[in-house]
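What follows is a short report on a single structure.
2 protein chains.
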Amino acid sequence: MSEEHLFSISELAAMFDISSRTIRYYEEIGMLSSETRESLTKQRKYTNQERRRLKMILRGKKLGFSLQEIKEMIDLYETNPEGVEEKKRIIEYADRKLHEINEQISELQILRDEILSYKERYLHSKELE
Amino acid sequence: MSEEHLFSISELAAMFDISSRTIRYYEEIGMLSSETRESLTKQRKYTNQERRRLKMILRGKKLGFSLQEIKEMIDLYETNPEGVEEKKRIIEYADRKLHEINEQISELQILRDEILSYKERYLHSKELE
DNA sequence: GGTTAAGTCTACGTTAACGTCAACTAGGAG
DNA sequence: CTCCTAGTTGACGTTAACGTAGACTTAACC
Chain S
1 MSEEHLFSIS ELAAMFDISS RTIRYYEEIG MLSSETRESL TKQRKYTNQE RRRLKMILRG
61 KKLGFSLQEI KEMIDLYETN PEGVEEKKRI IEYADRKLHE INEQISELQI LRDEILSYKE
121 RYLHSKELE
Chain A
1 MSEEHLFSIS ELAAMFDISS RTIRYYEEIG MLSSETRESL TKQRKYTNQE RRRLKMILRG
61 KKLGFSLQEI KEMIDLYETN PEGVEEKKRI IEYADRKLHE INEQISELQI LRDEILSYKE
121 RYLHSKELE
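Protein chains in written order, with the UniProt record's numbering: chain S, 1 to 129; chain A, 1 to 129.
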């Protein structure tokens with residue numbers, strides 16, 4: 001519809017501060033598709049859709065998930081399921097992930113509080129100043 | 001002081017559901033010390049202190065930190081610093097980590113909300129039932 | 001006293017997630 | 001036409017975080 005801007009590989013790389021190789025690697029393992037190749041040049045072109053996908057991947061990485069886990073999540077996210085069985089499977093997967101994430105959040109909060117109280121104890125020991 | 005129970009390597013491994021090799025590896029790279037070796041047998045023995053250290057390492061891993069990052073944090077945690085300069089350095093490090101952790105928490109919350117709303121949309125599409 | 005269990009050390013193997021390099025192509029800029 | 005830039009496809013290299021296998025020791029059990 002809209003005049004969709006297409007990104008080159010190095011544009012995307014610069015945008016997210018990663019290497020082109022990384023992007024090609026994600027394609028290699030099926031996490032990104034460069035549907036749109038400049039037919040003559042064979043150069044990869046990325047849509048906004050693909051850019052968002054990449055962003056999701058990188059967020060996942062920042063959160064400590066492996067590329068495989070991220071792939072599962074995104075694939076699920078983009079599949080629309082056939083039949084009740086698969087729907088159930090997806091819901092269960094989502095619930096498992098939600099549980100994981102909640103645990104991760106509360107452990108991070110604990111860690112944060114530990115660091116905070118450590119820092120406080122630390123600031124109040126003025127022997128050296 | 002107290003009759004401290006000493007753990008064997010496989011006790012610890014079972015306790016945290018990891019391999020003995022993993023524990024030896026952590027020692028190899030200086031993240032764990034088996035101070036106390038059974039002098040005759042040369043077998044590693046771990047104190048409660050070491051057990052807690054291991055627990056911290058595994059928590060760090062669950063949260064997506066690399067062993068190196070975890071090492072830095074724990075080392076800092078267990079160092080008591082010499083001089084004002086080092087104190088400042090440690091406080092700054094703590095603040096950076098706190099910032100990182102807060103970001104990670106809020107990104108996880110966003111991810112959680114996304115999954116939740118995805119799941120909701122999903123549950124309310126009854127076409128297939 | 002022979003076997004089994006638990007541990008030790010050395011050392012090579014493995015997987016994920018890229019880095020790096022070489023050889024090639026296609027499109028402008030001068 | 002020549003050079004430069006940006007991109008392409010192999011293919012081999014690298015690092016973290018262990019796995020695995022072999023050869024040996026010590027304690028324990030029958």
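Where a beta carbon is used, it is the ideal one built from N, C-alpha and C, also for glycine.
Residue i versus the options, residue with shortest Cα-Cα distance
i	options	result
residue 14(A)	49(A), 55(A), 29(A)	55(A)
residue 112(S)	63(A), 12(A), 32(A), 18(A)	63(A)
residue 119(S)	118(A), 93(A), 117(A)	93(A)
residue 26(A)	103(A), 117(A), 70(A)	70(A)
residue 60(S)	103(A), 16(A), 6(A)	103(A)
residue 6(S)	49(S), 17(S), 21(S), 16(S)	49(S)
residue 87(A)	124(S), 38(S), 79(S)	124(S)
residue 51(A)	21(A), 16(A), 95(A), 101(A)	16(A)
residue 95(S)	117(A), 95(A), 100(A)	117(A)
8 Å Cβ shell around residue i - same chain, five flanking residues per side excluded
i	result
residue 122(A)	none
residue 19(S)	13
residue 31(S)	53, 57, 67, 70, 71, 74
residue 33(A)	27, 50
residue 10(S)	20
Residue i (DSSP reduced to helix, strand or coil)
i	result
residue 55(S)	helix
residue 79(S)	coil
residue 61(S)	helix
residue 97(A)	helix
residue 42(A)	coil
residue 47(A)	coil
Pair within 8 Å by beta-carbon distance, residue i and residue j
i	j	result
residue 76(S)	residue 90(S)	yes
residue 45(A)	residue 8(A)	yes
residue 40(A)	residue 23(A)	no
residue 47(A)	residue 4(A)	yes
residue 108(A)	residue 74(S)	no
residue 97(A)	residue 110(S)	no
Nonlocal neighbours in the same chain, by C-beta distance under 7 Å from residue i, ignoring five residues either side
i	result
residue 81(S)	87, 90
residue 29(A)	67
residue 38(S)	45
Spatial neighbours of residue i in its chain, beta-carbon cut-off 6 Å, leaving aside the 5 residues before and after
i	result
residue 36(S)	45
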